[in-house]
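Here's the structure we're looking at; comments come further down.
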Amino acid sequence: MDGAFLAACSARLVEVCHRRGLHAMGGMAAQIPVKGDAAATEAAFATLRAATLRAVSAGHDGTCVAHPDLVPVAMAVFDAHRPRAHQIRQPRQPVRVDADALLKPHSGKVTEAGLRGNASVAIEYLAAWLSGRGAVPIHNLMEDAATAEVARSQIWQWIRHGVDVDLKDGGTRRMDADWLAELVQQEIETILARLGTTGFHRGHYASAARIFQDVACADILPDFITTPAYAVLNALD
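Using UniProt numbering, read the sequence shown as starting at 1 and increasing by one per residue.
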């Protein structure tokens with residue numbers, strides 16, 4: 001939430017909610033404990049603490065977490081930095097958020113790791129969705145349909161605008177539909193190696209990969225990735 005647009009959105013949310021006597025709630029923290037990995041779990045808790053501290057400092061009155069074990073972690077931050085039950089009447093320095101701040105685009109780079117991560121999480125989530133699950137732990141984060149929507153929308157934009165992607169080897173490559181097809185095939189091969197043929201087909205990964213690729217490469221961005229997925233889901237019943 002420290003990017004220009006996100007910080008402005010957060011400040012505006014707090015200002016409007018408190019002016020109307022409402023609690024301002026931060027977004028859900030997707031971190032979850034990692035079974036059998038104490039170091040990864042502590043890293044997740046540290047990320048949550050930092051995010052919760054940003055929320056409290058911005059004036060939020062509460063937050064949402066994806067796992068019960070994270071409740072005491074987040075509460076400890078609120079208890080330490082928010083002396084009252086909420087901050088609705090807490091005196092704050094006025095923050096003026098204008099239209100320019102809310103429309104300012106992000107200036108970060110597009111990386112190969114981010115691109116591959118988007119493809120992976122979108123396919124993994126869609127496969128789980130086709131299997132009847134809504135909230136799914138993926139890469140040690142609790143994900144839902146919004147994650148797949150963001151992932152495919154970002155890639156659609158990158159393809160449409162021919163974004164230069166920073167590669168792991170230090171070079172760059174122009175994003176296009178052919179490259180996405182390569183990445184999807186590599187992701188399919190990775191999943192096949194992990195689950196085997198039976199697990200791959202039972203998990204609906206081929207359908208998930210096809211839906212994701214079709215939506216990300218469409219001429220017009222579909223409103224929702226779950227719309228074409230419903231046709232596949234209905235055919236499975």
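Don't be surprised by glycine CBs; every beta carbon is placed ideally from N, CA and C.
From a predicted model like this one, the values you see are computed outputs, not experimental measurements.
Exercise. Hey, out of M175, L192, W156 and L183, whose CA is closest to Y205's CA?
Worked result: Looking up residue 205 in the sequence shown gives position 205. That would be L192, whose Cα lies nearest to the Cα of Y205.
For this session: Flag V232 as yes when its Cβ comes closer than 7 angstroms to any non-hydrogen atom of the ligand NAD, and as no otherwise.
Result: This structure lacks the ligand NAD, and indeed carries no ligand of any kind.
For this session: Spatial neighbours of A80 within its chain, please: CB distance less than 8 angstroms, with the 5 preceding and 5 following residues excluded, ordered by chain position.
Result: The count along the sequence shown starts at 1 and reaches residue 80 at position 80. Answer for A80: no residue qualifies.
Exercise. Hey, quick one: how far does the alpha helix (DSSP H) through T227 stretch, first residue to last?
Worked result: As a position in the sequence shown, residue 227 is number 227, starting the count at 1. Element bounds for T227: T226 to L236.
For this session: Mind checking which residues open and close the alpha helix (DSSP H) that includes T47?
Result: Translated into the one-based positions of the sequence shown, residue 47 becomes position 47. First-last of the alpha helix (DSSP H) with T47: A38 to A58.
Exercise. Per the contact definition of three or more C-beta pairs closer than 8 angstroms, is the segment 52-64 in contact with the segment 78-94?
Worked result: yes
For this session: With DSSP as the reference, please indicate the residues paired to M25 in a beta bridge.
Result: The residue you call residue 25 lines up with position 25 of the sequence shown. Paired residue(s): G62.
Exercise. If V65 sits next to R12, beta carbons under 8 angstroms apart, how far is it from one beta carbon to the other, in whole angstroms?
Worked result: Against the sequence shown, residue 65 aligns to sequence position 65. Against the sequence shown, residue 12 aligns to sequence position 12. Their Cβ separation, rounded to whole angstroms, is 23 angstroms, which puts V65 and R12 out of contact at 8 angstroms.
For this session: Could you give the DSSP three-state label for M175: helix, strand or coil?
Result: For this step, residue 175 is matched to residue 175 along the sequence shown. Coil, per DSSP.
Exercise. Span of the beta strand (DSSP E) holding D79?
Worked result: Numbered from its first residue, the sequence shown carries residue 79 at position 79. Premise fails: D79 lies in the alpha helix (DSSP H), V71 to H81, not in any beta strand (DSSP E).
Problem set entry | Per-residue DSSP class, three states only, for D214 | Working through the sequence shown from its first residue, we reach residue 214 at position 214. Note: D214 maps to helix in three-state DSSP.
For this session: Kindly list the residues whose CB is nearer than 7 angstroms to the CB of N140, restricted to its own chain and excluding five residues on each side of it in sequence; keep chain order.
Result: Translated into the one-based positions of the sequence shown, residue 140 becomes position 140. Cβ within range, chain order: I32, V34, A40 and A44.
Exercise. Taking contact to mean at least 3 C-beta pairs separated by less than 8 angstroms, is the segment 104-112 in contact with the segment 11-30?
Worked result: no
Exercise. Would DSSP call Q31 helix, strand or coil?
Worked result: Mapped onto the sequence shown, residue 31 falls at position 31. Strand.
Exercise. By Cβ distance, which residues of its chain are closer than 7 angstroms to V71, with the 5 residues on each side in sequence left out?
Worked result: Counting from 1 along the sequence shown, the entry for residue 71 is found at position 71. Same-chain partners within the cutoff: V65.
Exercise. Just curious, the beta strand (DSSP E) that I138 is in, first and last residue?
Worked result: The count along the sequence shown starts at 1 and reaches residue 138 at position 138. That run of the beta strand (DSSP E) goes V136 to I138.
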